[in-house]
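Numbering follows our numbering, with no gaps: position 509 of the sequence shown is 509. For reference, the structure is listed below as structure tokens.
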Amino acid sequence: MSVQSQQYDKWQSSMTAKTADVLLVGAGAMSTTLGMLLKQLDPNINLIMVERLDHVAHESTDGWNNAGTGHAAYCELNYTPQQADGSVNTTKAFAINSAFEVSLQFWSYLVEQKALPSPEKFINTAPHCSFVWGEKNVEFLRARYQTLSQFQAFVDMEYSEDHDVIRQWMPLVMQNRDPSEKVAASRVRYGSDVDFGSVARNMVDHLQKQDGFELLLSHNVKDIDKAKDGRWNVKLKDKHGSNVTINAGFVFLGAGGGALPLLQKSCVEEGKGYGGFPVSGMWLVCKKPEIVEQHMAKVYGMAPIGAPPMSVPHLDTRIINGEKALLFGPFAGFTTKFLKKGSMFDLVSTIRPDNLMPMMSVGMNNMDLTKYLISEVRQSHSARCDSLRNFFPDAQDDDWELAMAGQRVQIIKKDEQGKGKLEFGTEAITTADGSLAALLGASPGASTSVNTMIGIIEKCFKDRLASDGWQEKIKEMVPSYGFTLSDQPEMLKEIRQRTLTTLQLDKEAKTEQP
Numbered sequence: 001m002s003v004q005s006q007q008y009d010k011w012q013s014s015m016t017a018k019t020a021d022v023l024l025v026g027a028g029a030m031s032t033t034l035g036m037l038l039k040q041l042d043p044n045i046n047l048i049m050v051e052r053l054d055h056v057a058h059e060s061t062d063g064w065n066n067a068g069t070g071h072a073a074y075c076e077l078n079y080t081p082q083q084a085d086g087s088v089n090t091t092k093a094f095a096i097n098s099a100f101e102v103s104l105q106f107w108s109y110l111v112e113q114k115a116l117p118s119p120e121k122f123i124n125t126a127p128h129c130s131f132v133w134g135e136k137n138v139e140f141l142r143a144r145y146q147t148l149s150q151f152q153a154f155v156d157m158e159y160s161e162d163h164d165v166i167r168q169w170m171p172l173v174m175q176n177r178d179p180s181e182k183v184a185a186s187r188v189r190y191g192s193d194v195d196f197g198s199v200a201r202n203m204v205d206h207l208q209k210q211d212g213f214e215l216l217l218s219h220n221v222k223d224i225d226k227a228k229d230g231r232w233n234v235k236l237k238d239k240h241g242s243n244v245t246i247n248a249g250f251v252f253l254g255a256g257g258g259a260l261p262l263l264q265k266s267c268v269e270e271g272k273g274y275g276g277f278p279v280s281g282m283w284l285v286c287k288k289p290e291i292v293e294q295h296m297a298k299v300y301g302m303a304p305i306g307a308p309p310m311s312v313p314h315l316d317t318r319i320i321n322g323e324k325a326l327l328f329g330p331f332a333g334f335t336t337k338f339l340k341k342g343s344m345f346d347l348v349s350t351i352r353p354d355n356l357m358p359m360m361s362v363g364m365n366n367m368d369l370t371k372y373l374i375s376e377v378r379q380s381h382s383a384r385c386d387s388l389r390n391f392f393p394d395a396q397d398d399d400w401e402l403a404m405a406g407q408r409v410q411i412i413k414k415d416e417q418g419k420g421k422l423e424f425g426t427e428a429i430t431t432a433d434g435s436l437a438a439l440l441g442a443s444p445g446a447s448t449s450v451n452t453m454i455g456i457i458e459k460c461f462k463d464r465l466a467s468d469g470w471q472e473k474i475k476e477m478v479p480s481y482g483f484t485l486s487d488q489p490e491m492l493k494e495i496r497q498r499t500l501t502t503l504q505l506d507k508e509a510k511t512e513q514p
């Protein structure tokens, strides 16, 4: 027997074969959400979830690896860019607000069904505030408030240029600030801090109690091949070197920064031309109770000139596993890793003939961005604390420590000229036959995961959506399904009252009642 035959026989003997209706790659916010949705729609569906790490949700979904902001466009100024004529573009704000309302509805349903624990275990009230200084920025925030507050989605937004009022909203931010400084702030009292890691882990805990669900930790995807019958053979290797092949009818690549390399392994036509631009992140963290207890809000400011959109500075209340802390940042940086626990060769390994031109084009046209990211990495601790002092004038360097956030891989894709463009959102890619889907990109990410995953179900399970009563079940879980909430003010008002009550987010309103 030849050496090659012996090696093949050895590989075959160590191989385990499994079959699934659905294979979910990655155990973060996206895969767990899709798994929960599918199990609610069909309790008999057979799901396998694969994760390369030995824990669920330990990359970008982990609480300390993201801002934890329930992105609803209440405070994120980059979602409402100012136009040349001074007006405010609200298109993205309304889209994100509506999408987050979908997440709140689904989480409320799961809490009611006891599929998620009591809300404080994964979501807590943290008013969403915007804060700016300087005449020009104040004018912008005023125009933003005047534009948004006319609509039901933002009807509860408050605005002030009064130092005393703003001090009530954010004491640390106004502490010992120059009383003559021109400042402005807006606030939505029921903004949220979300521990997405807790959401994902609790969803997996629930799924593991159901028949027809299997979780494979410490398993790496080595190859993805499509069989002649249209199903997928996904080859895995575990930490002991054993091989597993999973034959699945549908594959979802929800592995965060790892989704692009996996999409390339599948060789699907829809994935050609895509590249990734990896960005690292860092936070300043304070856990001193005497400081932490003085701040209960997420306060977002204006992004520095030349900074990428996800680098909008903000001072955040975070509650993770019941522990309260303050985060400030993010401080972006350049890296070649696609995952926090990835390889320095991740970027190079994804270069292909079909994405070489777009990636080179983006690289050449974004040198200022690259220089900015490198300069962020080189900042001293004192320099980072100087940035913090724009939001917290009395901040002391020794009270804060630097912590690494999760990796983000921004999308590079071909533009109309066949070159490349860099995008800072998320994009769901589905094959024409609906047998494979992948999610690329970053913000707003986990906040809009439910809306994004319902979109994938609509594209990849359209037959079952129409014939198996899935539409009615989705409407039960997400009452606004089929409607655009920004166009339905009365529906939005009713739904929001339910979700804020179920998730215990509008506690301030309750105390105001006689």
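Ideal Cβ placement from N, Cα and C applies to all residues, glycine included. Quantities reported herein were computed from a predicted structural model and do not represent experimental measurements.
For the 8 Å CB-CB criterion, leucine 373 and isoleucine 411 do not form a contact.
Per DSSP, methionine 157 lies in no beta strand (DSSP E) and is assigned neither H nor E.
Cα atoms of glycine 322 and serine 192: separation of roughly 15 Å, rounded to the nearest angstrom. Remark: C-beta atoms of valine 111 and leucine 503 approach each other more closely than 8 Å.
Secondary structure at alanine 27: coil, using DSSP grouped into helix, strand and coil. Residue burial is scored here from C-beta neighbours: histidine 128 has at least 16 other C-beta atoms within 10 angstroms and is therefore classed as buried. When the five nearest sequence neighbours on each side are left out, the beta carbons in the same chain lying within less than 7 Å of the beta carbon of isoleucine 457 are those of Leu37, Leu465, in order along the chain. In this structure glycine 469 is exposed. Its beta-carbon is surrounded by fewer than 16 other beta-carbon atoms within 10 angstroms. By the Cβ-count criterion, leucine 339 is buried, with 16 or more other Cβ atoms from all chains shown falling within 10 Å of its own Cβ. Between the segment 329-338 and the segment 248-268 there are three or more inter-stretch CB-CB distances shorter than 8 Å, so the stretches are counted as touching.
The shortest CA-to-CA distance from glutamine 264 to any of Val292, Asn247, Ile351 is the one to Ile351.
For lysine 341, the closest of His58, Lys371, Ala99 by C-alpha to C-alpha distance is His58. Between aspartate 156 and valine 188, the gap from beta carbon to beta carbon is short of 8 Å. Assigned with DSSP and collapsed to three states, proline 313 falls in coil, not helix or strand. Annotation: the continuous beta strand (DSSP E) that includes glycine 281 extends over 275-286. Residue burial is scored here from C-beta neighbours: aspartate 54 has fewer than 16 other C-beta atoms within 10 angstroms and is therefore classed as exposed. Here valine 362 is near leucine 422, since their CB atoms are less than 8 Å apart.
Runs of alpha helix (DSSP H) with 4 or more residues, each lying fully within the segment 433-493, are found at 449-460, 462-467, 470-477, listed in chain order. Shortest Cα-Cα distance from glycine 271 to any of Asn355, Gln146, Trp232 involves Asn355. In the DSSP assignment, lysine 413 falls within the unbroken beta strand (DSSP E) covering 408-413. By the Cβ-count criterion, phenylalanine 345 is exposed, with fewer than 16 other Cβ atoms from all chains shown falling within 10 Å of its own Cβ.
Cβ contact annotation for arginine 177 (same chain, cutoff 8 Å, sequence separation greater than five): His163, Val183, Pro393, in chain order. Judged by beta-carbon spacing, valine 312 lies beyond the 8 Å limit of leucine 24, meaning their Cβ atoms are not closer than that value. Here glutamine 82 has Val88, Phe140 as same chain residues with Cβ atoms under 7 Å from its own Cβ, once five neighbours each way along the sequence are excluded. Excluding sequence positions up to five before and after isoleucine 320, its CB lies within less than 8 Å of the CB of Gly63, Trp64, Gly68, Asp195, Gly197, Ser198, all in the same chain and listed in chain order. Spatial neighbours of tyrosine 190 in its own chain (CB-CB distance under 8 Å, excluding positions within 5 residues in sequence) are listed in chain order as Thr125, Pro127, Asp156, Leu500, Leu505, Asp506, Glu508, Ala509. For valine 88, there is no enclosing alpha helix (DSSP H), since its DSSP letter is neither H nor E.
Its Cα nearest to that of tryptophan 232, the residue Val22 stands out among Met453, Val22, Phe461.
DSSP places tyrosine 300 within a strand segment (E or B) once states are collapsed to three.
The beta carbon of serine 149 sits closer than 6 Å to those of Met157, all from its chain and outside the five residues before and after it, given in chain order.
Counting only residues of its own chain and dropping the five nearest sequence neighbours on each side, lysine 462 has a CB closer than 8 Å to the CB of Gly434. In this structure asparagine 365 is exposed. Its beta-carbon is surrounded by fewer than 16 other beta-carbon atoms within 10 angstroms. Contact between leucine 436 and valine 251 holds: their C-beta atoms lie close to 5 Å from each other, under 8 Å. DSSP, reduced to helix, strand and coil, places proline 261 within a helical segment of the structure shown. Contact annotation: histidine 206 and alanine 99 have beta-carbon atoms that are not nearer than 8 Å.
Per DSSP, threonine 125 is one residue of the beta strand (DSSP E) stretching across 123-125.
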